[in-house]
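Comments concern the structure below.
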Amino acid sequence: MWRILTLSLIGALPLFAGLKNLTLDQALNLLDKKNLEIKVAQFDETMKKYDELVVEGKNWGSATITLQALRSNDAGNVFGFKLQSREATFRDFGFRDFLGGISGLTSQVPYNQLGATLGNPAMQDRMLDVAPDDLNYPGSRNHFLTKITYQVPIYTGGKLTEYKKITRKLYEMSKLDTRKLRDEKIFQVKKAFYNITLVERYVYNLNRIHRNMLKLKQTILEMKKEGYTKKTDVLEIEARLAKVDSMLNQARLNRDLAYQFLSFLLDTQVDSIRKVHLVIHAPKVKQQDIERLSLDIQKAKMGLEVARHAIATEKANFLPTVGAFAEYGSADNTLWNDFAKKDFYTVGMQFKLNIFNGGSDKAKLEKARVRQMKVARQVELARKGIALKVHKLQTAIRSLEYDLRSEQKQLNLAREVYRTYEAKYKEGLASITDVLIKQSIELQVLLEYLQVANKHSEKVFELEKILDMGGRS
Numbered sequence: 012m013w014r015i016l017t018l019s020l021i022g023a024l025p026l027f028a029g030l031k032n033l034t035l036d037q038a039l040n041l042l043d044k045k046n047l048e049i050k051v052a053q054f055d056e057t058m059k060k061y062d063e064l065v066v067e068g069k070n071w072g073s074a075t076i077t078l079q080a081l082r083s084n085d086a087g088n089v090f091g092f093k094l095q096s097r098e099a100t101f102r103d104f105g106f107r108d109f110l111g112g113i114s115g116l117t118s119q120v121p122y123n124q125l126g127a128t129l130g131n132p133a134m135q136d137r138m139l140d141v142a143p144d145d146l147n148y149p150g151s152r153n154h155f156l157t158k159i160t161y162q163v164p165i166y167t168g169g170k171l172t173e174y175k176k177i178t179r180k181l182y183e184m185s186k187l188d189t190r191k192l193r194d195e196k197i198f199q200v201k202k203a204f205y206n207i208t209l210v211e212r213y214v215y216n217l218n219r220i221h222r223n224m225l226k227l228k229q230t231i232l233e234m235k236k237e238g239y240t241k242k243t244d245v246l247e248i249e250a251r252l253a254k255v256d257s258m259l260n261q262a263r264l265n266r267d268l269a270y271q272f273l274s275f276l277l278d279t280q281v282d283s284i285r286k287v288h289l290v291i292h293a294p295k296v297k298q299q300d301i302e303r304l305s306l307d308i309q310k311a312k313m314g315l316e317v318a319r320h321a322i323a324t325e326k327a328n329f330l331p332t333v334g335a336f337a338e339y340g341s342a343d344n345t346l347w348n349d350f351a352k353k354d355f356y357t358v359g360m361q362f363k364l365n366i367f368n369g370g371s372d373k374a375k376l377e378k379a380r381v382r383q384m385k386v387a388r389q390v391e392l393a394r395k396g397i398a399l400k401v402h403k404l405q406t407a408i409r410s411l412e413y414d415l416r417s418e419q420k421q422l423n424l425a426r427e428v429y430r431t432y433e434a435k436y437k438e439g440l441a442s443i444t445d446v447l448i449k450q451s452i453e454l455q456v457l458l459e460y461l462q463v464a465n466k467h468s469e470k471v472f473e474l475e476k477i478l479d480m481g482g483r484s
């Protein structure tokens, strides 16, 4: 039983294993396929596309089918039902009561006096005041009405056309938003790769220092046996070893955290990566390239186009609208009975022009014009702001490149000084404190070098992000 359970667990281990030796290109491919935030942005983009289709569909009008099933004994309704079903008779108008009055009159008045009697105003009022029972108190009746109605706009002053252009631009702007988000995620993935590589280098150097200190400790212990060192030398080297162990543990924790963040970005467990080059070259960008590459500037320009179309939609309020409709149907007290015999149709057109609404349309038009002027200024601000940001990044990158070269030289010097003092200590020409001080200096310079390298990479990746140049490099 235990053997089977053990084999099952061993077989399941690959299911929980993460990606190993992942390259940056592979990570960027995974980012496009699996990053949850990019997927959400793509859904937003798709919804904007459907908004455009909704407006486009308005040009084709609408067709509806209506089926009504009614029952009523209301006099007006029943009479209307019969009339719409083409079944109205004189009886429904109350002619039975009228004819009854005529019949009674002929039985009471000689035929030769009938005309004079009917011409008598008093007799006429009496006959006309008779309430027809069939008309006022009809029996309950069912009514089934089936009809199809089609309505279509013929002319809207260009409003639908402008709305379609606006929704199209909003869709294109949402695509830019998705690209901008993708650039941000590329920036984070590259930064994670670079940070992991830096931490790995830091861990490598700490391990090298740790090994050197262990060798130095062994040398101190051997020299102590011969009486050439003091007990405090051993205590100092052990304290320094404990400090390096602590720094190693902290570095490993930071590396694990970076892997967790990378796994979150890719929505995939990543166990190890293929380290990237620490020397990163900034892209060369000319002034004329900034406006062409910046997504923020492109989006601002699209916003200006939207503002122009918005003015056109407000102008349409001063123009007439024309629409047409057609309706076809049939009605009866039995569902779909004699449909063609009792069918009907209605066609028509409508012309509508607003001639006064208190100046509201004028105010809306002026507001749209002011908004366009505002957006035009925002476009100019985006151009100058992005250009300034790019120049600041380029300046910072050049400055950090000089700092990197300087820190590299300082690191080489610190290592050489440490090796020199280590040799002097073995010859009794320097104290263990001097050696450990030089080693602390080496560690400090190493940290400063890695911090400068980290700042340099961040500025380069940020420049790529701003100019949509992250790509797959």
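In terms of our numbering, the sequence shown opens at residue 12 and continues consecutively.
From the three backbone atoms N, C-alpha and C, an ideal C-beta is built for every residue, glycine too.
Supposed close pair residue i, residue j - CB separation, criterion 8 Å
{"i": "I291", "j": "S442", "result": "No, I291 and S442 are not in contact; Cβ-Cβ is about 41 Å, not under 8 Å."}
{"i": "R285", "j": "N32", "result": "5 Å"}
{"i": "V428", "j": "K449", "result": "5 Å"}
{"i": "L461", "j": "L209", "result": "5 Å"}
{"i": "L192", "j": "A52", "result": "5 Å"}
{"i": "A393", "j": "D307", "result": "5 Å"}
{"i": "P331", "j": "L376", "result": "With a Cβ gap of about 17 Å, P331 and L376 do not count as contacting."}
{"i": "Q389", "j": "A311", "result": "6 Å"}
{"i": "I49", "j": "D43", "result": "7 Å"}
{"i": "L411", "j": "K476", "result": "Between K476 and L411 the Cβ distance is about 17 Å, and since that is not below 8 Å, they are no contact."}
{"i": "N216", "j": "L457", "result": "6 Å"}
{"i": "L30", "j": "V281", "result": "5 Å"}
{"i": "R82", "j": "N153", "result": "5 Å"}
{"i": "L171", "j": "K69", "result": "6 Å"}
{"i": "S341", "j": "K326", "result": "No, S341 and K326 are not in contact; Cβ-Cβ is about 44 Å, not under 8 Å."}
{"i": "T157", "j": "E338", "result": "So it is not a contact: roughly 11 Å between Cβ atoms."}
{"i": "E453", "j": "R426", "result": "6 Å"}
{"i": "K228", "j": "L252", "result": "7 Å"}
Residue range of the beta strand (DSSP E) that includes residue i
{"i": "Q462", "result": "Not the beta strand (DSSP E): Q462 falls in the alpha helix (DSSP H), residues I443 to I477."}
{"i": "D354", "result": "D354 to K363"}
{"i": "I231", "result": "Counting along the chain, I231 falls outside any beta strand (DSSP E), though it belongs to the alpha helix (DSSP H) covering K170 to K236."}
{"i": "I76", "result": "S73 to S83"}
Identity of the residues DSSP links to residue i by a beta bridge
{"i": "E338", "result": "T160 and T357"}
{"i": "L30", "result": "V281"}
{"i": "Y270", "result": "Looking at the DSSP assignment, Y270 forms no beta bridge with any residue, so it has no partner."}
{"i": "F155", "result": "A80 and D343"}
{"i": "D100", "result": "Looking at the sequence itself, residue 100 is Thr, so the reference to Asp does not match. Per DSSP, none; premise fails for T100."}
{"i": "V333", "result": "Y166 and F362"}
Residue i burial status per 10 Å Cβ neighbour count (16 or more: buried)
{"i": "N46", "result": "buried"}
{"i": "M184", "result": "buried"}
{"i": "F204", "result": "buried"}
{"i": "D343", "result": "buried"}
{"i": "N260", "result": "exposed"}
{"i": "G314", "result": "buried"}
{"i": "E433", "result": "buried"}
{"i": "V463", "result": "buried"}
{"i": "E178", "result": "Here residue 178 turns out to be Thr, not Glu, going by the sequence shown. The residue in question, T178, is buried, as its Cβ has 16 or more Cβ neighbours within 10 Å."}
{"i": "T224", "result": "Reading off the sequence shown, one finds Met at residue 224, where the question assumed Thr. The residue in question, M224, is buried, as its Cβ has 16 or more Cβ neighbours within 10 Å."}
{"i": "R483", "result": "Since pLDDT at R483 reaches only 43, below the 50 mark, its modelled position is unreliable, and no value is offered."}
{"i": "P132", "result": "exposed"}
{"i": "H288", "result": "exposed"}
{"i": "G370", "result": "exposed"}
{"i": "F362", "result": "exposed"}
{"i": "G238", "result": "exposed"}
{"i": "Q79", "result": "exposed"}
{"i": "Q309", "result": "buried"}
{"i": "S283", "result": "exposed"}
{"i": "E249", "result": "exposed"}
{"i": "F367", "result": "exposed"}
{"i": "A351", "result": "exposed"}
Range covered by the alpha helix (DSSP H) that runs through residue i
{"i": "F104", "result": "Segment: none, F104 is in no alpha helix (DSSP H) and carries neither H nor E."}
{"i": "Y432", "result": "S371 to K437"}
{"i": "I49", "result": "L47 to K69"}
{"i": "D300", "result": "Q298 to L304"}
{"i": "A86", "result": "A86 to Q95"}
{"i": "L146", "result": "D144 to N147"}
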